[in-house]
Each structure stands twice: as structure tokens, then as C-alpha cells.
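K.L.:
Residue numbers (our numbering): 22 to 234.
C-beta atoms are modelled at their ideal positions from N, C-alpha and C, and glycine is treated no differently.
Sending over a structure as C-alpha cells; questions will come in a sec.
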């Protein structure tokens, strides 16, 4: 029998973005990400998600369209893959990826490998992403989530580029079910980029609407 209070469950989620605040940074900027998504089951144990996203920045905004398919392969395990197309003022990136996940209770883990094809680059870049997430229902129709994700650059898009930590992401948000098939999410993302000359970080408020078919 569970006896854990709602406040005890929410506390770890709320603390996630504060775990690794940068002590010294060369840049402190803000963005705003807005997403529209549709997701649902397209076959037994197989789901599809389609998304359109705008990332509003001080300079040219970034626009993304993507699709991902996931298939459950066992108790809590899934495998999948997808593709994203990114455009920033005519500069584009095509990003296919593969991923594997595991979930149990409030905990979920995800490993993703991205192949990144840029305009005017020497070669395909390669990036590894490892995410740990906690999520739980804290009130009727309301769910809280928090995650930490490591993004590691395995290969740069330019010859001789370094292998290094690309960024850390710390995310927290609330999702509310406003209708039987419609969810609205608001959240906050902190991006931390460790660099030899000093860390940079970006504050990202987020908003999304997801239709479940």
C-alpha cells in the first residue's frame, strides 16, 4: 500500500533543474519553445508522434517538424526511431535517430543516437543522448515530470572537431488533461553547455499542446 504524500513525490521532480546550476558562465540567454503534437497508437504496441515546433530566439527563430515511432518489445521496454528537420533562416539540419527506452512506475530511461546532416558541413555529426525522467500524477488530470539529460558529441560535423559533452538539459513541467484527447503542458528547461573557455547556459520556458488520437 502506498503511503507517500503528493508533496513527497513532487519534491524530487521540482529539484531536478537545480541539481547542476552553472557556477560561472560566459553567456546567459533565453529562448521560448512552442510545440504542437499529435500522438497515438497505430498498431498493437506501436505508437506514432508527429510534431511541429518553433524555437523563438534573439536571432532567427528555429522551426522543426518531426515524427517518431515507438514499439513495445517487453515488460517496460521499447525501441523506436524517427526523424526531425530543423530550419533556421534557411540553414537546415536533417536528423534521423534511433532510441531505446525502459519505464517502471514513475521512472523512465531513454537512450538515443542521432545522425545529424547539416548544410555545408564536412561530414555527418553523431550525438548520444541519455535521459532519466521521473513523472507522476499529483492531482486529477494533472501530471508532473522532471528529467536530466546528457547530450554527448561523438563526432563533430567538421573534420578534427572534438568529442565532448555537448550539453546538459534539466527539465521540469506540468501536464494538464483539458479534454479526453487533449493535453496542455507548461515547463522550464535549463541548457548547460560546458566549454573550455567557460560554461554557457540558456533558460527556456516551454509550452505545448498534444492531441491524442
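#1: Would you report the Cα separation of residue 142 and residue 173, rounded to the nearest angstrom?
#2: Considering only DSSP beta bridges, list what residue 174 is partnered with.
#3: Can you name the start and end residues of the beta strand (DSSP E) that residue 234 belongs to?
#4: In whole angstroms, give me the CA-to-CA distance for residue 86 and residue 77.
#5: Name the one or two DSSP bridge partners that residue 192 has.
#6: Please list, in chain order, all residues of the same chain as residue 180 whose beta carbon is under 8 Å from its beta carbon, the five residues on each side excluded.
#7: Taking the straight line between their C-alpha atoms, what separation do you get for residue 200 and residue 178?
#8: Using a Cβ-Cβ cutoff of less than 7 Å, which residues in the same chain neighbour residue 131 once the five nearest sequence positions on both sides are dropped?
#9: State the CB to CB distance for the pair residue 129 and residue 156, rounded to an integer number of angstroms; the pair is presumed to be in contact (CB under 8 Å).
#10: Would you call residue 190 buried or exposed, if buried means 16 or more other Cβ atoms sit within 10 Å of its Cβ?
#11: Is it buried or exposed for residue 42, if we count other Cβ within 10 angstroms and need 16 for buried?
#12: Going straight from the alpha carbon of residue 216 to that of residue 53, what length do you get?
#13: Can you tell me which of the three DSSP states residue 81 falls into?
#14: With distances taken between CB atoms, is the gap from residue 165 to residue 159 smaller than 7 Å?
#15: Report the rounded CA-to-CA distance for residue 71 versus residue 107, giving the unit in angstroms.
#16: How many Å lie between residue 210 and residue 187 at the Cα?
#17: Could you tell me the alpha carbon to alpha carbon distance between residue 205 and residue 196, rounded to whole angstroms?
#18: Under the rule that 16 or more other beta-carbon atoms within 10 Å means buried, what is residue 111, buried or exposed?
#19: May I have the straight-line CA-CA distance separating residue 113 from residue 105, to the nearest angstrom?
#20: Using the Cβ count rule (16 or more neighbours within 10 Å means buried), how would you classify residue 51?
#21: If we ignore side chains and look at the alpha-carbon of each, how far apart do residue 118 and residue 90 end up?
#22: In three-state terms, what does DSSP make of residue 116?
P.N.:
In brief:
#1: On the chain shown, position 121 is the one that residue 142 refers to. On the chain shown, position 152 is the one that residue 173 refers to. In a straight line, the C-alpha of residue 142 is about 19 Å away from that of residue 173.
#2: Within the chain shown, residue 174 is the residue found at index 153, counting from 1. Partner(s): 148 and 185.
#3: What you label residue 234 is simply residue 213 of the chain shown in a count that begins at 1. For residue 234, there is no enclosing beta strand (DSSP E), as DSSP marks it with neither H nor E.
#4: To locate residue 86, count along the chain shown from 1; it is residue 65. To locate residue 77, count along the chain shown from 1; it is residue 56. For residue 86 and residue 77, the distance between alpha carbons rounds to 15 Å.
#5: Stepping through the chain shown from its first residue, residue 192 is reached at position 171. According to DSSP, which records beta bridges pairwise, residue 192 is partnered with 168 and 210.
#6: Here residue 180 is taken as the residue at index 159 of the chain shown, counted from 1. Excluding positions up to five away in sequence, the list reads 143 and 144.
#7: On the chain shown, residue 200 is found 179 positions in, with the first residue counted as 1. On the chain shown, residue 178 is found 157 positions in, with the first residue counted as 1. If I take the Cα positions, the gap works out to 43 Å.
#8: Within the chain shown, residue 131 is the residue found at index 110, counting from 1. 120, 122 and 152.
#9: Along the chain shown, read from residue 1 onward, the residue named residue 129 stands at position 108. Along the chain shown, read from residue 1 onward, the residue named residue 156 stands at position 135. Right, their Cβ atoms sit about 7 Å apart.
#10: Counting from 1 along the chain shown, the entry for residue 190 is found at position 169. With 16 or more Cβ atoms within 10 Å of its Cβ, residue 190 is classed as buried.
#11: Taking the first residue of the chain shown as 1, we reach residue 42 at position 21. Here the model assigns residue 42 a pLDDT of 48, short of 50, so the residue's position is not dependable, and the following value carries that caveat. Exposed, since its Cβ has fewer than 16 Cβ neighbours within 10 Å.
#12: For this step, residue 216 is matched to residue 195 along the chain shown. For this step, residue 53 is matched to residue 32 along the chain shown. Taking the CA atoms as reference points, residue 216 sits about 23 Å from residue 53.
#13: Residue 81 sits at position 60 when you count from the first residue of the chain shown. Reduced to three states, the DSSP call for residue 81 is coil.
#14: In the chain shown, the residue the question calls residue 165 occupies position 144. In the chain shown, the residue the question calls residue 159 occupies position 138. If you check the CB distance, residue 165 and residue 159 come in under 7 Å.
#15: Here residue 71 refers to the residue found at position 50 of the chain shown. Here residue 107 refers to the residue found at position 86 of the chain shown. The alpha-carbon atoms of residue 71 and residue 107 are separated by roughly 14 Å.
#16: Position 189 of the chain shown, counted from the first residue, corresponds to residue 210. Position 166 of the chain shown, counted from the first residue, corresponds to residue 187. Taking C-alpha positions only, residue 210 is separated from residue 187 by approximately 16 Å.
#17: The count along the chain shown starts at 1 and reaches residue 205 at position 184. The count along the chain shown starts at 1 and reaches residue 196 at position 175. The C-alpha of residue 205 lies about 6 Å from the C-alpha of residue 196.
#18: Here residue 111 refers to the residue found at position 90 of the chain shown. That one is exposed.
#19: In the chain shown, the residue the question calls residue 113 occupies position 92. In the chain shown, the residue the question calls residue 105 occupies position 84. When rounded, the distance between both Cα atoms is 10 Å.
#20: By one-based count along the chain shown, residue 51 stands at place 30. Residue environment analysis places residue 51 among the exposed positions, since fewer than 16 neighbouring C-beta atoms fall within 10 angstroms of its C-beta.
#21: Numbered from 1 along the chain shown, position 97 holds the residue referred to as residue 118. Numbered from 1 along the chain shown, position 69 holds the residue referred to as residue 90. As the crow flies, the alpha-carbon of residue 118 is around 11 Å from that of residue 90.
#22: Here residue 116 is taken as the residue at index 95 of the chain shown, counted from 1. In this structure, residue 116 counts as strand in the three-state DSSP scheme.
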